[in-house]
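Data block below; observations after.
Number of protein chains: 2
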Amino acid sequence: MRPIPCCCRCARALERPCQLYMLQTRTGKRTAHAALQIAVDMANEGLISKSQALMRLKPELIDQLLHPTLDPKAKKQVIAKGLPASPGAAAGKVVFSADEAVRRAKDGEKVLLVRIETSPDDIHGLHAAEGVLTTRGGMTSHAAVVARGMGRPCVAGAGAVQVDYAAARLSVGSVTVQEGQILTIDGVTGEVILGEVPTVPPQLSGAFGIIMAWADEYRTLQVRANAETPNDARQAKEFGAQGIGLVRTEHMFFDGGRIIAMRRMILAADEADRKVALEELLTMQREDITELFRIMDGRPVTVRLLDPPLHEFIPHTEAEMAQVAKAAGVPLNRVRRRAAELQEANPMLGHRGCRLAITYPEICEMQARAIFEAAAAVGKAGGAVPVAEVMVPLVATLQELSILKEVVEKTAAAVQKEQGMNFTYRVGTMIELPRACLQAGKLAEQAEFFSFGTNDLTQTTYGLSRDDAGAFLPEYKAKGIVEQDPFVSLDQEGVGELIKVAVERGRTARDGMKMGICGEHGGDPASIEFCNKVGLDYVSCSPFRVPVARLAAAQAALKLRGEKALQPSTKAAKPLQPAFGPW
Amino acid sequence: MRPIPCCCRCARALERPCQLYMLQTRTGKRTAHAALQIAVDMANEGLISKSQALMRLKPELIDQLLHPTLDPKAKKQVIAKGLPASPGAAAGKVVFSADEAVRRAKDGEKVLLVRIETSPDDIHGLHAAEGVLTTRGGMTSHAAVVARGMGRPCVAGAGAVQVDYAAARLSVGSVTVQEGQILTIDGVTGEVILGEVPTVPPQLSGAFGIIMAWADEYRTLQVRANAETPNDARQAKEFGAQGIGLVRTEHMFFDGGRIIAMRRMILAADEADRKVALEELLTMQREDITELFRIMDGRPVTVRLLDPPLHEFIPHTEAEMAQVAKAAGVPLNRVRRRAAELQEANPMLGHRGCRLAITYPEICEMQARAIFEAAAAVGKAGGAVPVAEVMVPLVATLQELSILKEVVEKTAAAVQKEQGMNFTYRVGTMIELPRACLQAGKLAEQAEFFSFGTNDLTQTTYGLSRDDAGAFLPEYKAKGIVEQDPFVSLDQEGVGELIKVAVERGRTARDGMKMGICGEHGGDPASIEFCNKVGLDYVSCSPFRVPVARLAAAQAALKLRGEKALQPSTKAAKPLQPAFGPW
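The listed protein sequences derive, respectively, from chains A and B.
Under UniProt numbering, the first residue of the first sequence carries the number 1, and numbering increases by one thereafter.
Under UniProt numbering, the first residue of the second sequence carries the number 1, and numbering increases by one thereafter.
Here it is in structure tokens:
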């Protein structure tokens with residue numbers, strides 16, 4: 001009988017193996033960094049396969065790597081808890097307005113923006129702040145979505161926090177925090193902490209790069225990003241995005257001088273007036289899109305036409321309206337009247353999306369022109385000309401799409417003639433209404449691609465406003481009525497069935513039609529698995545979710561092929577080798 | 001050769017028939033009354049069959065018979081046009097608030113209520129007025145729905161009319177109308193007319209009763225009414241309703257003292273406080289439902305649990321909030337805070353329907369108790385005990401329904417024990433969300449009936465707020481994007497497909513499950529034909545639409561059976577002989 005070593009590390013040989021008793025076990029806690037390193041090491045040592053290494057990693061680990069985290073050794077006094085709306089930890093002096101955030105940030109202070117909820121008017125404050133805390137709103141509230149896109153930590157819907165704007169303070173029970181005092185938020189746990197807690201900066205190790213490269217070998221889903229600023233686009237590309245799946249053009253109109261032009265357009269007395277304002281917007285939009293095309297360097301970019309209702313651009317208090325009237329050079333009464341006219345009972349279901357473009361085709365024309373002139377500009381400067389994808393939002397009927405496609409096509413022809421240059425473009429539609437899913441077969445007659453807007457599709461399928469769901473969704477989760485916030489993880493039974501129907505009908509009408517998803521779900525691993533299963537071509541998500549999505553897409557592909565298929569797919573997405581940063 | 005008479009009225013006999021030359025033809029214009037009489041006469045003379053007589057009549061003719069119409073000989077100066085939201089003509093002194101309407105009506109004046117839009121707060125004004133004119137809102141806006149239910153003429157969404165509440169006047173272009181001046185509206189054409197135009201009162205001839213009786217022989221769909229006031233219920237029964245398909249319990253809480261109790265419930269500091277307020281509401285609700293059960297005399301009555309978001313019961317101006325605080329005996333600050341808490345970005349998709357009952361099960365319990373105690377009270381008084389149908393609104397998941405069904409069942413058991421009396425009841429659900437349609441198979445495990453709430457189902461399927469659609473729907477119709485306002489006539493391609501799916505899945509899970517429709521579409525002939533085709537058991541509509549629905553249902557049955565089937569159906573709905581008025 002051959003002697004058996006006692007254990008792998010000792011040299012003592014036994015006649016019979018010693019017995020190993022498990023007296024107690026517990027899950028080994030490892031940092032995200034260690035988890036990746038172990039997986040890579042084990043695969044490199046041949047103990048597991050690459051695909052097994054990929055399957056062992058929770059995609060959420062990746063997200064933690066990309067952001068600063070709280071120092072685990074530090075003490076902390078948690079005063080409230082909200083939703084973990086955007087990962088990372090941030091500490092800063094509390095401010096209650098976007099303007100104050102900008103003012104203090106200019107003076108070199110680190111600030112934390114605290115709002116009951118944010119609106120597009122607060123964008124400059126979100127940019128200036130280290131992080132954002134809101135007391136109302138869910139995982140897809142304005143603050144949450146914007147913060148995730150920017151990679152800013154965010155805790156949303158911390159209902160226990162009472163904000164008093166007038167007194168510039170907040171309170172939680174007996175604790176009061178004045179403007180200028182410091183709070184820390186943890187966007188991974190949703191904790192709101194008194195004072196400053198030290199943070200640990202993100203460290204992207206070599207293991208991260210290796211895991212990403214392996215994921216790219218296995219996944220069949222492409223991963224794009226939702227981005228409209230040059231910073232976001234660069235960040236997305238650095239993280240491995242294969243294109244932009246959603247440019248929300250309206251976000252380009254909120255900064256400083258731009259919102260003035262936008263308001264002038266909205267407040268225009270007639271079409272002629274509106275066209276003058278649109279000329280101004282055209283210049284800005286063209287420049288922005290040109291920059292995005294340049295950054296994305298030939299990768300596809302999907303530009304969505306103006307989507308939100310116009311009243312989002314007009315303030316509603318008297319003082320602000322007076323400012324707007326002055327800035328836009330129109331009588332105050334016109335601002336008041338227009339604000340009243342634009343008011344809606346349910347703006348989410350109101351005059352927005354393609355409905356705006358139907359009523360004001362000149363807006364659609366301006367946007368199409370900006371896109372095509374940008375494509376031409378990039379081409380003339382010797383850059384890789386992207387296939388410009390023009391996306392029509394909130395379509396419910398074929399006629400809407402046909403009318404707007406004609407506007408876009410006419411504009412494309414005009415620009416091609418003016419510029420003496422041909423370029424390829426596609427006109428597609430967002431599928432974000434139940435009716436659009438059902439009518440997908442008809443829509444596919446005109447639409448050259450579909451992009452599922454699962455935020456809105458969830459809202460309408462469920463009859464659930466993402467900004468208002470915070471009032472009862474936590475209770476719904478606690479009572480087991482919903483397993484997951486349907487805005488975080490796709491409701492596969494309900495919304496998912498509509499998506500399946502749309503994919504089937506769309507591809508029956510137009511063979512091999514390109515389809516993707518650009519809702520927030522595009523960055524959620526369970527939803528990504530679903531997208532892979534129903535045969536979508538790509539997911540598009542916030543830039544900081546791109547690495548998560550790459551891993552999740554690989555896992556989805558592996559699961560679909562079954563545990564035995566441990567070889568790289570022949571259908572694998574083209575590996576994205578050198579472009580993506582130092583790892 | 002036998003002599004041939006020249007024509008049916010002359011005695012001159014000819015050797016050969018004279019030739020009849022058609023020199024010109026035009027459609028003979030007949031009053032609704034004449035059309036019915038001719039159809040009945042022709043059938044009685046054997047020239048056509050009964051079913052042919054029924055098929056010849058446009059159901060809309062019936063509606064015209066039930067309301068006063070403008071004297072066709074009178075001159076009129078039309079100053080604006082809105083949507084024909086509720087039929088009939090009305091003239092009255094213009095008032096701009098519900099309170100003013102009530103004050104003047106008490107003094108014996110005839111008033112016309114003019115509002116930008118109405119809210120549940122205006123109900124007393126709608127009752128007091130001859131008719132209502134709004135400048136915003138569509139065919140299913142609050143004003144339109146309530147006016148149709150009351151049989152009050154209404155012109156809605158007359159956008160050209162500018163209302164200035166502060167100055168108590170309206171203007172259309174250069175025409176200005178002060179409070180107290182007279183306007184006339186025509187709810188059939190949507191016209192707004194300066195001054196008083198004489199009207200002709202409705203005349204219900206014998207032909208009307210005969211046509212209704214014939215319709216009842218052929219139709220297979222039952223016709224119920226949406227009603228919550230004794231007047232509406234009586235009117236509905238008189239018009240031939242076979243039950244109430246929708247009691248909107250919230251409407252019972254808007255009158256005078258009731259809204260105070262309702263507000264006390266909403267403003268309650270805790271559950272104990274809330275229960276005290278609920279006790280008050282219980283008494284009122286029980287009395288109301290008892291009265292409805294009595295009037296309906298054994299016919300089924302479907303009572304829907306509280307549906308609208310709570311903020312609809314709380315005013316939002318400082319002055320009104322102060323009044324509320326005083327009336328409800330709570331601090332003003334609590335009213336302010338609660339109003340702010342309850343504010344929603346998209347109330348239609350917010351904390352309403354069964355979501356309220358999940359959060360506040362004590363409200364559900366109170367309502368179930370009111371229903372069952374009412375059933376017991378009617379039984380003890382020797383009346384026909386109805387099968388009480390408890391309807392849970394806005395269900396999206398099976399769990400919601402299961403939780404609430406349990407609350408209702410427990411309450412039923414408790415009331416049966418307390419009252420020493422057994423009664424039959426059913427718990428069902430409104431199907432008004434796309435997700436509910438898709439999940440119908442699961443919901444049918446718990447739901448004992450389905451009622452399609454097609455107003456909300458249209459809103460969510462189309463992503464279209466019925467209160468905001470007025471801003472672009474007219475243009476959509478003009479451009480041919482939609483053929484019909486989808487809130488008036490059911491969108492059969494989109495919403496209709498979801499209904500079909502739900503019917504199929506529901507009945508697969510629960511054989512022969514009772515299903516109806518209680519949206520506004522229940523009174524629209526084309527939608528009724530659809531309901532008949534997909535196999536619903538009943539339609540439920542505004543009381544004044546019941547006769548229209550009876551005729552439309554007969555036509556639908558005849559069409560479905562094909563033109564050759566000219567004999568009364570063996571499956572015909574039980575004729576409703578003597579109960580329906582003097583005709």
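Even glycine gets a Cβ: it sits at the ideal position worked out from N, Cα and C.
- Linking residue 513 of chain B to residue 506 of chain B through their CA atoms gives a straight-line distance of about 7 angstroms.
- A distance below 7 angstroms separates the beta carbons of residue 182 of chain B and residue 93 of chain B.
- The CB of residue 351 of chain A comes closer than 7 angstroms to the CB of 468, 471, 472 in chain B, given here in chain order.
- In the structure shown, the three-state DSSP call for residue 80 of chain A is strand.
- When Cβ pairs closer than 8 angstroms are counted between the two stretches, the segment 331-351 of chain A is seen not to touch the segment 380-393 of chain A, the count staying below three.
- In the displayed model, residue 493 of chain A falls within coil according to three-state DSSP, outside both helix and strand.
- Of all residues in the segment 492-508 of chain B, only 493, 494, 495, 497, 498 place a beta-carbon less than 9 angstroms from a beta-carbon of chain A.
- Residue contact with chain B for residue 446 of chain A: absent (no Cβ-Cβ distance below 7 angstroms to any residue of chain B).
- Taking C-beta atoms as the reference points, residue 85 of chain B and residue 139 of chain B count as a pair closer than 7 angstroms.
- Shown here, residue 465 of chain B sits in coil according to DSSP, grouped into three states, outside any helix or strand.
- Here the alpha carbon of residue 497 of chain A sits roughly 12 angstroms from the alpha carbon of residue 498 of chain B.
- Residue range 388-392 is occupied by the beta strand (DSSP E) that includes residue 389 of chain B.
- In summary, residue 560 of chain B is exposed, with fewer than 16 beta-carbon neighbours lying within 10 Å of its beta-carbon over all protein chains present.
- Residue 363 of chain A and residue 400 of chain A do not touch by the CB rule: their CB atoms are close to 14 angstroms apart, not below 8 angstroms.
- The beta carbon of residue 78 of chain B lies closer than 6 angstroms to those of 191, 193 in the same chain, with the five residues before and after it left out.
- Counting the other CB atoms within 10 Å of its CB gives residue 30 of chain B a total below 16, which places it among the exposed residues.
- In this structure, residue 156 of chain B lies away from residue 172 of chain B, with their beta-carbon atoms at least 7 angstroms apart.
- Residue 101 of chain B sits close to residue 128 of chain B, with the two beta carbons spaced by under 7 angstroms.
- When secondary structure is reduced to three states using DSSP, residue 22 of chain B falls in the coil class, being assigned neither helix nor strand.
- Against residue 480 of chain B, the close residues of chain A are 399, in the order they occur along the chain (beta-carbon pairs closer than 9 angstroms).
- Excluding residues up to 5 positions away in sequence, 212, 215, 216, 219, 223, 240 lie with their Cβ nearer than 7 angstroms to the Cβ of residue 550 of chain B in the same chain.
- From the beta-carbon of residue 462 of chain A, the residues of chain B found nearer than 7 angstroms are 396, 433, 435.
- Assigned with DSSP and collapsed to three states, residue 545 of chain B falls in helix.
- For residue 233 of chain A, the closest C-alpha among the options A:267, A:206, A:301, A:196 is that of A:301.
- For the set B:390, B:262, B:441, B:268, the Cα lying nearest the Cα of residue 281 of chain B is the one of B:262.
- Per DSSP, reduced to three states, the secondary structure at residue 189 of chain A is coil, with no helix or strand assignment.
- Put simply, the backbone Cα of residue 494 of chain A is about 49 angstroms away from that of residue 168 of chain B.
- Residue 90 of chain A has A:185 as its beta-bridge partners, per DSSP.
- Per the DSSP secondary-structure output, residue 199 of chain A pairs in a beta bridge with A:70.
- Taking a Cβ-Cβ cut-off of 9 angstroms, the neighbours of residue 347 of chain A in chain B comprise 345, 346, 465, 468, given in sequence order.
- Assignment of residue 455 of chain A by DSSP, reduced to helix, strand and coil, places it in the helix class.
- Contact with chain B is absent for residue 113 of chain A, since none of that chain's Cβ atoms lies less than 7 angstroms from the residue's Cβ.
- Remark: C-beta atoms of residue 516 of chain B and residue 451 of chain B approach each other more closely than 7 angstroms.
- Residue 68 of chain B is positioned such that its CB atom lies no closer than 7 angstroms to that of residue 249 of chain B.
- Here the C-alpha atom of residue 397 of chain B lies approximately 7 angstroms from the C-alpha atom of residue 443 of chain B.
- With its beta carbon less than 7 angstroms from one in chain B, residue 438 of chain A belongs to the interface.
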